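Reading through the structure tokens given below for one structure.
Chains as they are written, first to last, in this note's numbering: chain A, 1492 to 1920; chain B, 1492 to 1920.
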């Protein structure tokens, strides 16, 4: 982790932003490969799906669903303590996400003219849960719970099987808890293509959610060319901490590492007005790093990471806003008085006991958040991500009399006479 | 307009959907051209902007802003009646969009654990207003008003100048009313590229809004490769009307034409359970078409358009949901009892006096809506389109004691030990 004392070095805003440039570069151009897989799966469906699963994942699958007996056996092996933990997380996530549904209010714009909005679920949604070394069952909760609350009619979950053609029981359990019945053992580009077009086995969906590697990211982008919506652009996870003298260096170090262990392309940033806190945090970080199982990954990530001493906390907040972090920990006293100055961040953790891990798993907020600076222009996942808002209006004859003449004038000025006539014919009647 | 009596023909659901296939095909691959313009404007800024404005629009511009004197002169020529009409529209649109801001509520998930969301404006937004034959000042209102209500700090408006290097005074007036100060006379791919990268004259933005032709659409898609967000995918405008015996054929005909005059690739659909209403509407349409200034365009659009007789109104609603129209007029009695069955539509107009023109201009709802079937998975524009939601959480030591053990178990099961440690170190303290 590189240390910059900017009270001495006095880098400009632009220089600081350049210093914090993310190590992430856009996915390599996988365009040709992705297009080939999409074309094949569109044409040949399941057959092609099996072919690519063998080609990419080295697994021979004759079917993509999990048999009931296999599922039951898997669920029986799951540790009861972990089950309870997942239940608690589910309860909290559900409580927070339920609060996101707000009643629709009818607005009387003028006499005889009422407008309002109503939410409708996106009917068919696809959830992608990556495979790899760790079974990301927490992401099943983070995608499945808002989908269920939104009332999506069809929730499809795709996740790659392990080498034995099986799915981790914790994923199965999280899916069961959130009412997801359609689980398919496919991953990668081919899973996204299958949900884009539909195959004999896999249903076509309207919107695709979930994290993934560069292949999945490129495939999600390609799906948008076929009328599919996606949750948000993807990039490696990141954390920025603003700390003052009231912060706990051990906690800061633990939080920085919890982010750094995600991947070698992760980035962590520590901003402070207090050089001792920075120094102590970096010392603690070195100690904690030594015993970390994912030490190598974290070390790589720390190479791209920075601790910066600034003049005061307001400067820290300004730089954080320019960086637009996915996660922001505010380990400062009176953090609440500073909240209103936070303009760009995915999720904000206030005080010494609000660690990112809490939001990653169990506090209630969603962990699917905008990365790579997208906190400037995207929200994290919420129930709204699984719904759309329809506008409604009801105009009476009286109401039309009041706004009709204005519409006639405006339509005529835009040279759209049939627009005008639709009003004139009503005013004349 | 083709007539299908499906009570006799008995087309299946799939056959009906195929019948209603939109004439719109994806933009031709403008990829190479768009990439060239983007690269040049990124490298050469204003110089390249002037070059492409001359190349594409045949206008030599030495600067891209409007001089104050020119603006004042333009505004003086504007008809006072039209000004009043625009003011009324502004008032209504503002009233409806203001109602979209809802207070944030703090949710106590459990003792010592509070989560909530807060809205923040997207700081820099770019509004694109197309040129062409008609000055789309109504779109300035539809984009500018929610941007202003959201509190966007920098609102940039780009619109191509006419052959005299001028901008229509109605556009200037609508911009003035909505507090937009940064107006630039550029259009097409080069305008979108300029807002993507920023040039000496044009500020870089975070999100780009607004309609446009195939060049603008392709450029907006390209901007997403550079971290820019866009409002929604674009396609030609469309209208579906569900009518029963209570509908007014003259009104139906006028509404169908108001949509058909938009462009030769527009599509209109009339669904009814009453053959007489369809017949009378088609008769009225032929009569009204004869005197329409944009008759040729409307006639082209009507070639892709359909009137379909179905068994009952519920069948009409089901087919409408499958089609997912941008605009839906429900000219039926007891429309309100049917609203809950509408699952996919951009904006819904209820009863004989709620014509689409009202929503296009002045009733209060936004006219920037999902087309081409995107009403399945996108909302129309709202204040939320100009904001993002940040999540916050505050956990006390006591709160951490309650959820900490669950987080530890889950993190360990996902093999993320640093995530676990961030909790353990707090529980131990």
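From the three backbone atoms N, C-alpha and C, an ideal C-beta is built for every residue, glycine too.
Since we're looking at a predicted model, the values are computed, not measured.
Does residue i come out as helix, strand or coil in the three-state DSSP assignment?
i: residue 1933 of chain A; result: Because chain A is modelled from 1492 through 1920, residue 1933 of chain A falls outside the range shown and cannot be assessed.
i: residue 1896 of chain B; result: helix
i: residue 1605 of chain A; result: strand
i: residue 1661 of chain A; result: helix
i: residue 1611 of chain A; result: strand
i: residue 1555 of chain B; result: coil
i: residue 1573 of chain A; result: helix
i: residue 1858 of chain A; result: coil
i: residue 1797 of chain A; result: strand
i: residue 1772 of chain A; result: helix
i: residue 1865 of chain A; result: helix
i: residue 1599 of chain B; result: strand
i: residue 1622 of chain A; result: coil
i: residue 1656 of chain B; result: coil
i: residue 1808 of chain B; result: helix
Counting only C-beta atoms, is residue i closer than 8 Å to chain B at any point?
i: residue 1901 of chain A; result: yes
i: residue 1763 of chain A; result: no
i: residue 1572 of chain A; result: yes
i: residue 1848 of chain A; result: yes
i: residue 1921 of chain A; result: Limits of chain A in this structure are 1492 at one end and 1920 at the other, which puts residue 1921 of chain A out of reach.
i: residue 1711 of chain A; result: no
i: residue 1756 of chain A; result: no
i: residue 1649 of chain A; result: no
i: residue 1891 of chain A; result: yes
Taking the beta strand (DSSP E) that residue i falls in, what are its first and last residues?
i: residue 1645 of chain B; result: 1645-1649
i: residue 1885 of chain A; result: 1878-1886
i: residue 1822 of chain B; result: 1818-1822
i: residue 1698 of chain A; result: 1698-1700
i: residue 1840 of chain B; result: 1838-1841
i: residue 1733 of chain A; result: 1729-1734
i: residue 1496 of chain B; result: 1493-1496
i: residue 1763 of chain B; result: 1758-1763
i: residue 1673 of chain B; result: 1673-1675
Given that residue i touches chain B, what residues does it touch there, using C-beta distances under 9 Å?
i: residue 1653 of chain A; result: What residue 1653 of chain A touches in chain B: nothing, since even the nearest Cβ is about 13 Å away.
i: residue 1857 of chain A; result: 1882
i: residue 1779 of chain A; result: 1909, 1912 and 1916
i: residue 1867 of chain A; result: 1613, 1614, 1615, 1697, 1698, 1718, 1720 and 1879
i: residue 1864 of chain A; result: 1718
i: residue 1548 of chain A; result: Chain B residues near residue 1548 of chain A: none, gap ~20 Å exceeds 9 Å.
Consider the Cβ of residue i: report whether some Cβ of chain A lies at a distance smaller than 8 Å.
i: residue 1698 of chain B; result: yes
i: residue 1509 of chain B; result: no
i: residue 1529 of chain B; result: no
i: residue 1555 of chain B; result: no
i: residue 1888 of chain B; result: yes
i: residue 1742 of chain B; result: yes
i: residue 1734 of chain B; result: no
i: residue 1643 of chain B; result: no
i: residue 1823 of chain B; result: no
i: residue 1749 of chain B; result: yes
List the residues of chain A whose Cβ lies closer than 8 Å to the Cβ of residue i, in chain order.
i: residue 1784 of chain B; result: 1906 and 1908
i: residue 1839 of chain B; result: 1881, 1882, 1883 and 1884
Which bits of chain B does residue i rub up against, with CB to CB less than 8 Å?
i: residue 1689 of chain A; result: In chain order: nothing, as chain B lies at least about 13 Å away.
i: residue 1657 of chain A; result: Within chain B, no residue comes near residue 1657 of chain A; the closest Cβ sits about 16 Å away, beyond 8 Å.
i: residue 1579 of chain A; result: 1894 and 1897
i: residue 1752 of chain A; result: 1907, 1908, 1909 and 1910
i: residue 1830 of chain A; result: 1609 and 1883
So the alpha helix (DSSP H) residue i belongs to, where does it begin and stop?
i: residue 1787 of chain A; result: 1786-1794
i: residue 1714 of chain A; result: 1705-1714
Give me the chain B residues within the contact set of residue i, using Cβ-Cβ distance strictly less than 7 Å, ordered along the chain.
i: residue 1558 of chain A; result: By Cβ distance, chain B contributes nothing, its closest Cβ being about 24 Å from residue 1558 of chain A, past 7 Å.
i: residue 1606 of chain A; result: 1587, 1854, 1855 and 1856
i: residue 1746 of chain A; result: 1913
Could you list which residues in chain A have their beta carbon closer than 7 Å to that of residue i, in chain order?
i: residue 1834 of chain B; result: 1611 and 1614
i: residue 1532 of chain B; result: Neighbours of residue 1532 of chain B on chain A: none; closest Cβ ~19 Å, over 7 Å.
i: residue 1851 of chain B; result: 1910
i: residue 1576 of chain B; result: 1897, 1900 and 1901
Using a Cβ-Cβ cutoff of 8 Å, what residues of the region 1614-1636 of chain A are near chain B? List them in chain order.
1614, 1624, 1625, 1626, 1627, 1628 and 1629
If contact means a Cβ-Cβ distance below 8 Å, which residues of the region 1713-1725 of chain A contact chain B?
1715, 1716, 1718, 1719, 1720 and 1724
When Cβ atoms are compared, which residues of the region 1581-1600 of chain A fall closer than 8 Å to chain B?
1583, 1586, 1587, 1590, 1591, 1593, 1596, 1598 and 1600
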